[in-house]
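Participant: Protein chains in written order, with the numbering used here: chain A, 642 to 757; chain B, 1337 to 1447.
Just passing along the structure, written as structure tokens.
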């Protein structure tokens, strides 16, 4: 299995631009999570989906952030407009309830976002 | 205030030596407690997951303990190797899927 795939791995953009981060979960997984990691705040859950439906988006910092999951194999996290304080590493993770380790979350390699 | 506190913030050990990392949490009730290893530039990888009724769980040279009464957990690394150099993150699960993360302990193993 290829694991969770994220793209791009690195993104540098100017303040005010739209940024779209992409994630392909592990095939067969029915939960998908978006996290943000910074030195100041560590890892924070932004939003998670179950069967493509957003379940909890209370961690999304503000309206500039939006996430979608149009099908079981693809999700996007969009920031519009981007600001320098959005600079962080964004991780996607997936999980499946009926597996041998139902609580296990498998993380992707992350996207390092720099907003100048 | 963070609900998961880890100590020390960082430590340096010699290859072959043992070390213990600490985690104190205030999250209650909780579903499970996890320890993750995060190598530089990579996503976290799970080492152990314990429910509130478990006291200890091992994964190779990694052994995690949990005291639900005192709300403390520890991760013990035995016979450290250079590849153990990483950040170790304590994570408390509020439910099966909502996680509260500690800030992590950075471990550096030197030859």
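All C-beta atoms in this analysis are idealised placements derived from N, C-alpha and C, irrespective of residue type, glycine included.
Roughly how many whole angstroms lie between the Cα atoms of residue 1427 of chain B and residue 1390 of chain B?
Facilitator: Locating residue 1427 of chain B in the second chain gives position 91, where the first residue counts as 1. Locating residue 1390 of chain B in the second chain gives position 54, where the first residue counts as 1. Distance between the alpha carbons of residue 1427 of chain B and residue 1390 of chain B is about 15 Å.
Participant: Going residue by residue through the segment 720-747 of chain A, where are the continuous beta strand (DSSP E) segments of at least 3 residues, counting only ones entirely within it?
Facilitator: With a minimum length of 3 residues, the continuous beta strand (DSSP E) runs that stay inside the segment 720-747 of chain A are 729-736.
Participant: Measure from the C-beta of residue 715 of chain A to each C-beta in chain B and report whether the shortest distance is under 8 Å.
Facilitator: On the first chain, position 74 is the one that residue 715 of chain A refers to. Not one chain B Cβ lies under 8 Å of residue 715 of chain A.
Participant: If you draw a straight line from the alpha carbon of residue 727 of chain A to that of residue 756 of chain A, how long is it in whole angstroms?
Facilitator: Residue numbering aside, residue 727 of chain A sits at position 86 when the first chain is read from its first letter. Residue numbering aside, residue 756 of chain A sits at position 115 when the first chain is read from its first letter. Approximately 7 Å between the Cα atoms of the pair.
Participant: Over the uninterrupted beta strand (DSSP E) stretch that includes residue 708 of chain A, give me the two end residues.
Facilitator: In the first chain, residue 708 of chain A corresponds to position 67, counting from 1. Here the beta strand (DSSP E) through residue 708 of chain A covers 706-712.
Participant: Which partner residues of residue 670 of chain A appear in the DSSP bridge assignment?
Facilitator: Here residue 670 of chain A is taken as the residue at index 29 of the first chain, counted from 1. Paired residues: none, contrary to the question.
Participant: Just confirm the distance between the C-beta atoms of residue 1416 of chain B and residue 1349 of chain B, as a whole number of angstroms; I'd bet it's less than 8 Å.
Facilitator: As a position in the second chain, residue 1416 of chain B is number 80, starting the count at 1. As a position in the second chain, residue 1349 of chain B is number 13, starting the count at 1. So it is a contact: roughly 6 Å between Cβ atoms.
Participant: Return the chain-ordered list of same chain residues with a C-beta closer than 7 Å to the C-beta of residue 717 of chain A, the five sequence neighbours on each side being excluded.
Facilitator: Within the first chain, residue 717 of chain A is the residue found at index 76, counting from 1. For residue 717 of chain A, where only same-chain residues beyond five positions count, the Cβ hits under 7 Å are 661, 662, 663, 708, 709.
Participant: Taking just the CA atoms, how far does residue 1408 of chain B sit from residue 744 of chain A?
Facilitator: The residue labelled residue 744 of chain A in the question sits at position 103 within the first chain. The residue labelled residue 1408 of chain B in the question sits at position 72 within the second chain. Taking the straight line from one Cα to the other gives about 20 Å.
Participant: My assumption, with CB atoms under 8 Å, is that residue 1354 of chain B sits in contact with residue 1413 of chain B. Please give the rounded CB distance.
Facilitator: In the second chain, counting from the first residue as 1, residue 1354 of chain B sits at position 18. In the second chain, counting from the first residue as 1, residue 1413 of chain B sits at position 77. With 8 Å as the limit, residue 1354 of chain B and residue 1413 of chain B qualify as a contact, their Cβ atoms being about 6 Å apart.
Participant: Name the residues in the segment 686-716 of chain A whose C-beta lies less than 7 Å from a C-beta of chain B; which are they?
Facilitator: Hits within the stretch, in order: 686, 689, 697.
Participant: Using three-state DSSP, classify residue 684 of chain A as helix, strand or coil.
Facilitator: Here the question's residue 684 of chain A lines up with position 43 in the first chain. It is a strand residue.
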